Amino acid sequence: MATYDERLRDLKAEAFRTGRTLAEHGEQLQRIGEQQATAFGNIDSLAAAIGTAGDRTITQRLDTTERVLFALARAQGINPDDLD
Numbered sequence: 102m103a104t105y106d107e108r109l110r111d112l113k114a115e116a117f118r119t120g121r122t123l124a125e126h127g128e129q130l131q132r133i134g135e136q137q138a139t140a141f142g143n144i145d146s147l148a149a150a151i152g153t154a155g156d157r158t159i160t161q162r163l164d165t166t167e168r169v170l171f172a173l174a175r176a177q178g179i180n181p182d183d184l185d
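In our numbering, the protein residues as written are 102 to 185.
As structure tokens, this is what we get:
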């Protein structure tokens, strides 16, 4: 049976590994958040690039914008169909 000191050492080691893992995940989430902010911050520019008022109907422009946004989401590993 493990002694108190051995159990304490093991718990400390596990806590350290968990903390490091959480920090790594936090950094990844921050990078993903920055990527999304950049992508979604360009929506107005994207809409302008797709077409201006009068070029195509608003329905056609929104449809194109939606397809581009879905492609961006999928490129980041997000399945838009799963979001509700």
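Cβ coordinates follow ideal geometry from the N, Cα and C atoms, glycine included. All values derive from a computational prediction rather than experimental measurement.
Cutoff 8 Å; reference residue i; Cβ partners in own chain excluding five residues on either side
i, result
"R92", "In the structure as shown, the chain begins at 102 and stops at 185. Residue 92 is therefore absent and cannot be evaluated."
Short CB-CB distance (under 7 Å) between residue i and chain C
i, result
"R157", "Note that chain C does not occur in the displayed structure, where there is just one protein chain."
Strand pairing of residue i, partner residues [DSSP]
i, result
"R168", "In the DSSP output, where bridge partners are listed per residue, R168 has none listed."
Coil, strand or helix - residue i by DSSP
i, result
"T119", "helix"
"Q177", "coil"
"T139", "helix"
Own chain partners of residue i with C-beta closer than 6 Å, once the 5 adjacent residues on each side are dropped
i, result
"F171", "P181"
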